[in-house]
Amino acid sequence: MKTAIIYVSQTGFTKRYAEWIAEEVQGDCMTVSEAEKKDLSGYDAVVFGGWCFAGTIKKLDWFKKKAAQWTNKKKVVYAVGASPLENPELEEGLRKNFTDEEWTQISVFYCPGGICYEKMSGVSRTMMRMFVRMLAKKKSEKEQAMAEMLGKSYDLSERKYIAPIVECLKAE
Ligand SMILES: Cc1cc2nc3c(=O)[nH]c(=O)nc-3n(C[C@H](O)[C@H](O)[C@H](O)COP(=O)(O)O)c2cc1C
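Numbers in my numbering are just positions in the sequence shown, counted from 1, shifted up by 207.
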């Protein structure tokens, strides 16, 4: 199955997952801007990876617009965020980004990323710092723990998280 892996990444986590998937399925890895200049008609499957931004997935609308025309292609989305895979609110949060129809046509996955303040843009860093300060003011243990975690850089990414994506791509 000829596979394109298209991603958008600010600090490198989503890119790393794209490269791991490409290695595993011998696919072609490219950014959204590279994909825009390419003819994607020869691909049997398109994987889109975007990082989570305030409950949304970056550039997902771009992918969904394209995907609507790809009736014969396998369509996969993976989102990369700061939360671990065990987060109970994850599935519901992802689901909100898709209509019922899109949810049946696109296979959706989550891969834990992390936080990298060193590579973040100034705007992103300011937004994260504001979010952390807001969380730190809350009383609940959960929010206090989140503020503690998000206050510094960390890396949750591991190659094993691509296994369900690879399985989906290899399935008939
Ligand atoms: C402004 C901002 C908003 C974010 N919002 C979310 C979010 O809603 N959910 C989440 O899990 N992660 C969120 N993140 C964390 C990023 O998704 C995470 O750092 C991700 O690994 C970045 O991927 P990248 O390295 O490919 O850019 C946010 C990060 C920033 C800077």
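Where is the CB? At the ideal position from N, CA and C, for every residue including glycine. This structure is a prediction, so every number in the text was calculated from the model and none was measured.
Annotation: the continuous beta strand (DSSP E) that includes proline 319 extends over 314–319.
For methionine 353, the enclosing alpha helix (DSSP H) stretches over residues 348–357. No Cβ-Cβ contact shorter than 9 Å links lysine 266 with valine 330. With the rule of 3 Cβ pairs closer than 8 Å, the region 302–310 does not count as touching the region 338–357.
Counting every other CB atom within 10 Å of its CB across the protein chains shown gives lysine 271 a total of 16 or more, marking it as buried. Cβ neighbours of methionine 353 within its own chain (closer than 7 Å, five residues either side excluded): Leu342.
For tyrosine 214, the enclosing beta strand (DSSP E) covers residues 210–215. Isoleucine 264 and valine 239 have their alpha carbons spaced roughly 13 Å apart.
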